[in-house]
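Asker: So the sequence shown is residues 507 to 663, counted in my numbering.
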Amino acid sequence: MSSEISPEAQNLIYRLVGELKTNPRDEHSRYAETTVPGGDESDILDVLVQTAESTSMFALWYGEGMPGSCDDDGFAAVAECVRAPDGSIIAWYEEVRADENEEPYERVRILVAFRSDGLVVTLNRYAEAGPTEPVDPWEFASLQALALAPTWGDASG
């Protein structure tokens, strides 16, 4: 996966950083969401920025503390994992959500970066479950680049 970040993606990060709110029950986690430019109302990106001291669960990780490698027990069975060149551990998963008639209505991509600087950045990217690809950031490589962007370190609170 690439760590390149486009100017459009950096603008999206700045928009999310401006909206980050601290969780009143967990001072070590901050959350924001926004619609993705160029998409429709179903194109949503949300971010959860946590420190290791967070009392909230980490996405796709059910183990104790923080993972040390992709081989650690504790990752969700559905998650894929890779170590980024900077040493961060990246886990991801895609889910297609369906209604009671099994009609798909939404696709969700979840990517969590256990970053080498100690932050945990989780991105949830929602899109309509249609036949066309959603607007970027959608590919896991672009989501990884967003999650590893240095800007989150400045916004961690």
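Glycine is no exception: its CB is placed at the ideal position from the N, C-alpha and C atoms.
Predicted model only: the values in this text are computed from it and were never measured.
1) Since L566 and V618 are thought to touch, with beta carbons under 8 Å apart, how far apart are those beta carbons, to the nearest angstrom?
2) Quick check: what's the CA-CA separation for T657 versus E606?
3) With L654 and D552 assumed to form a contact (beta carbons below 8 Å), what rounded beta-carbon distance in angstroms separates them?
4) Pick helix, strand or coil for S508, following the three-state DSSP scheme.
5) Please name the residue in A582, Y568, C587 whose C-alpha comes closest to that of S575.
6) Identify, in the order they occur along the chain, each residue of the same chain with its Cβ nearer than 8 Å to the Cβ of A644, setting aside the five sequence neighbours on each side.
7) Assuming L554 contacts S535 under a Cβ cut-off of 8 Å, what Cβ separation, rounded to an integer in Å, is found between them?
8) Going by the beta-carbon positions, is the gap between L629 and I511 smaller than 8 Å?
9) Which of the three DSSP states, helix, strand or coil, is assigned to N517?
Answerer: Taking the geometry as given:
1) At roughly 5 Å, the Cβ-Cβ gap stays under 8 Å, so L566 and V618 are in contact.
2) If you take the alpha carbons of T657 and E606, they lie about 40 Å apart.
3) About 17 Å separates the two Cβ atoms, so there is no contact after all.
4) Residue placement at S508 is flagged as unreliable, the pLDDT there being 48, under the threshold of 50; a coordinate-derived value is accordingly withheld.
5) Closest by alpha carbon: C587.
6) Strictly speaking, residue 644 in this sequence is Trp, with Ala absent from that position. Only R615, R631, A633 meet the Cβ criterion.
7) Right, their Cβ atoms sit about 6 Å apart.
8) The Cβ-Cβ distance between L629 and I511 does not fall below 8 Å.
9) Of the three classes helix, strand and coil, the one that applies to N517 here is helix, per DSSP.
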